[in-house]
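Here's the structure we're looking at; comments come further down.
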Amino acid sequence: IMSEDELSSLYNSSEINSFITFTSGEGWGRSIAEAISCDLPVIVPGWSGHMDFVNAEYSKVLPTKMIPVPSIYHHTGWFTQDSKWSMISDENIVSTILEYKNKFVEEERLKKAQTYGTIFRETFNSKETYSKLPDLIKDI
2 IMSEDELSSL YNSSEINSFI TFTSGEGWGR SIAEAISCDL PVIVPGWSGH
52 MDFVNAEYSK VLPTKMIPVP SIYHHTGWFT QDSKWSMISD ENIVSTILEY
102 KNKFVEEERL KKAQTYGTIF RETFNSKETY SKLPDLIKDI
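Put into structure tokens, the structure is as follows:
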């Protein structure tokens with residue numbers, strides 16, 4: 002387990018220039034949110050909980066398709082035979098990453114990430130989030 006300082010050092014390291022995940026499903030996507038809040042460009046699948054806050058204008062969102070969860074995971078109790086999860090539709094993940102890198106010059110990619118990092122921190126800070134809770138709870 003990493004401390005907040007260690008995580009911050011990792012996300013803000015000069016050796017880290019993007020956050021990439023090919024997750025099949027996230028409840029919310031905390032690590033994605035942390036990367037965005039640290040002004041990192043992100044590459045994510047276009048399905049799951051993180052899509053509530055990932056903005057395709059500032060991030061690379063990969064197309065996905067829903068497929069049955071492999072039977073080897075059914076014993077966990079989390080999945081049934083009818084369960085599905087997402088898989089990235091692009092058969093060649095490397096080409097997608099290279100396209101992303103080549104599509105935007107590094108400076109432009111970082112500028113977009115910094116812009117969205119600012120928007121994200123203003124939108125999803127604790128004060129803004131807590132102010133929305135009463136309305137959410139009221140509807141439950």
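Going by my numbering, the sequence shown opens with residue 2, and the numbers climb by one from there.
Glycine included, every Cβ here is placed at the ideal spot set by N, Cα and C.
* Of all the options C39, D83 and V70, which has the alpha carbon lying nearest to the alpha carbon of G26? -> V70
* Asked: Can you tell me whether G28 is buried or exposed, with buried defined as 16 or more other CB within 10 angstroms of its CB?
  -> exposed
* Proximity below 8 Å, CB of S87 to CB of W48 -> yes
* To do: Just the C-alpha distance for P64 and I33, rounded to the nearest angstrom, thanks.
  => 17 Å
* Asked: In the structure shown, what three-state DSSP assignment does S87 receive?
  -> strand
* Taking one C-beta from the stretch 52-64 and one from the stretch 115-135 each time, how about it: are there three or more such pairs within less than 8 Å? -> yes
* Integer Cβ distance of T22 from V45, believed to fall under 8 Å -> 6 Å
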